[in-house]
Amino acid sequence: MIDTDMCHREPVSVRVEELIRAFEDDHLNFDIPAGRMTGFVGADGAGKTTTMRMIVGVLKPTSGQVLWSGRPITAEDRRTIGYMPEERGLYPKQPVIDQLVYLARIKGASTQTARTEAMEYLDRFGLADHAREQVQKLSLGNQQWIQVTASLLADPAVLILDEPFSGLDPVAVDAMADVLREKTAQGVPVLFSSHQLDLIDRLCDRMVILHKGRMVANGTTEELREVGPRRYRVEARGDLGWLRSLPGLTVVDVDGTTAVIEFPDLNQVDRLLDVIVTELMNRGGLVELTHIRPSLGEIYREAAQS
1 MIDTDMCHRE
11 PVSVRVEELI
21 RAFEDDHLNF
31 DIPAGRMTGF
41 VGADGAGKTT
51 TMRMIVGVLK
61 PTSGQVLWSG
71 RPITAEDRRT
81 IGYMPEERGL
91 YPKQPVIDQL
101 VYLARIKGAS
111 TQTARTEAME
121 YLDRFGLADH
131 AREQVQKLSL
141 GNQQWIQVTA
151 SLLADPAVLI
161 LDEPFSGLDP
171 VAVDAMADVL
181 REKTAQGVPV
191 LFSSHQLDLI
201 DRLCDRMVIL
211 HKGRMVANGT
221 TEELREVGPR
231 RYRVEARGDL
241 GWLRSLPGLT
251 VVDVDGTTAV
261 IEFPDLNQVD
271 RLLDVIVTEL
281 MNRGGLVELT
291 HIRPSLGEIY
301 REAAQS
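Residue 1 is where the sequence shown starts when you use our numbering, and the numbers rise one by one after that.
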């Protein structure tokens, strides 16, 4: 399947350290751990594509560095990165299989290995019958799959994917997700950008949020959910309007016997919950008290506005 010198590679990790371009506003520091999927989130123009280009060496940073398992990354390391650029770098008039073989050989695979692996992926993605067609004759969705396939060839040590799910139908999204899960299970670090926060939530262990060139959030999805005000839903047997007068509490919404409350100071959550529960029992009883976990969309909006 693959060249023997590509087998049994030790998993690597990538660290972005103090990375900056002159026109950006902030130094970027984040990790892409081995065997983990990291979601790269931000509005158009936030700096995601620029950062990816610096990681793979297409752009040179003004300052800072990219570390490869703790040491400065080399040109040889970058040859083992599977990179899917935002602008689809395919030759429109070249047959699919010839193009995939060519791109895999650039990364060090032999012609036979590249052809065998490319055909396996094309067969898996339902594109084997299109192997001899010109790329320009394929649908946009199938062209996307060819670009994805190119990034997967030659046993990449790291995957850096710019909007890999763009233009894919739901079935194709599931197939793509399966491929990425397989790669992380093999120890491959994956960084991909997406505007689809439901996919980030479903697939990623970590998330990095950029806003206008600045990193405004970075951590595991669980860590990021614990940042910011803690929110609860309360249901009681009596009217909850009295919650508005409780110091240290923000009432987001109240409708008779149900309310959504927020604790701006995380150090006061346990104390205030005890106060609320005690008062509710004195006022007729508590039906339900539920912690509302913020969605990644809410985390993103909060981070971008902070």
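Every residue, glycine too, gets a C-beta built ideally from N, C-alpha and C.
Query	Result
The stretch 219–233 contacting the stretch 61–72, beta-carbon criterion three pairs below 8 Å	no
Residue 141 and residue 108 closer than 7 Å at C-beta	no
Residue ranges of each alpha helix (DSSP H) within the stretch 19–84, 4 or longer	48–56, 75–79
Close beta carbons around residue 303, own chain, < 6 Å, minus the five adjacent residues each side	209, 216, 217
Distance between residue 269 and residue 3 (C-alpha atoms, nearest Å)	A caution first: residue 3 carries a pLDDT of 40, below 50, which makes its placement in the model unreliable, though a value can still be read off. Taking the straight line joining both Cα atoms gives about 57 Å.
Contacts around residue 118, its chain only, beta-carbon distance under 7 Å, and the 5 residues preceding and following it disregarded	97, 100, 101, 104, 149, 153
The beta strand (DSSP E) enclosing residue 163, as first and last residue numbers	Segment: none, residue 163 is in no beta strand (DSSP E) and carries neither H nor E.
Buried versus exposed, by CB contacts within 10 Å (16 or more), residue 18	exposed
Residue 226 - DSSP class collapsed to helix/strand/coil	coil
Within 7 Å, strictly: CB atoms of residue 82 and residue 151	yes
Rounded straight-line distance, which links the Cα of residue 285 to that of residue 37	44 Å
Chain-order list of residues whose beta-carbon lies under 7 Å from that of residue 259 (same chain, five-residue window excluded)	234, 240, 243, 251, 253
With 16 other Cβ atoms within 10 Å as the buried cut-off, status of residue 305	exposed
Residue 92 and residue 162 closer than 7 Å at C-beta	no
Beta-carbon proximity of residue 128 to residue 122, cut-off 7 Å	yes
Reduced DSSP category for residue 232 - H, G, I as helix; E, B as strand; rest coil	strand
Cα-Cα separation, residue 41 to residue 62	22 Å
Of the listed residues 281, 202, 195, nearest to residue 301 (C-alpha basis)	195
Residue 195 (DSSP reduced to helix, strand or coil)	coil
Cβ neighbours of residue 57 in the same chain (closer than 6 Å, five flanking residues each side left out)	78
Extent of the continuous alpha helix (DSSP H) run through residue 269	269–282
N- and C-terminal bounds of the alpha helix (DSSP H) containing residue 286	No alpha helix (DSSP H) contains residue 286, which is instead part of the beta strand (DSSP E) from 286–292.
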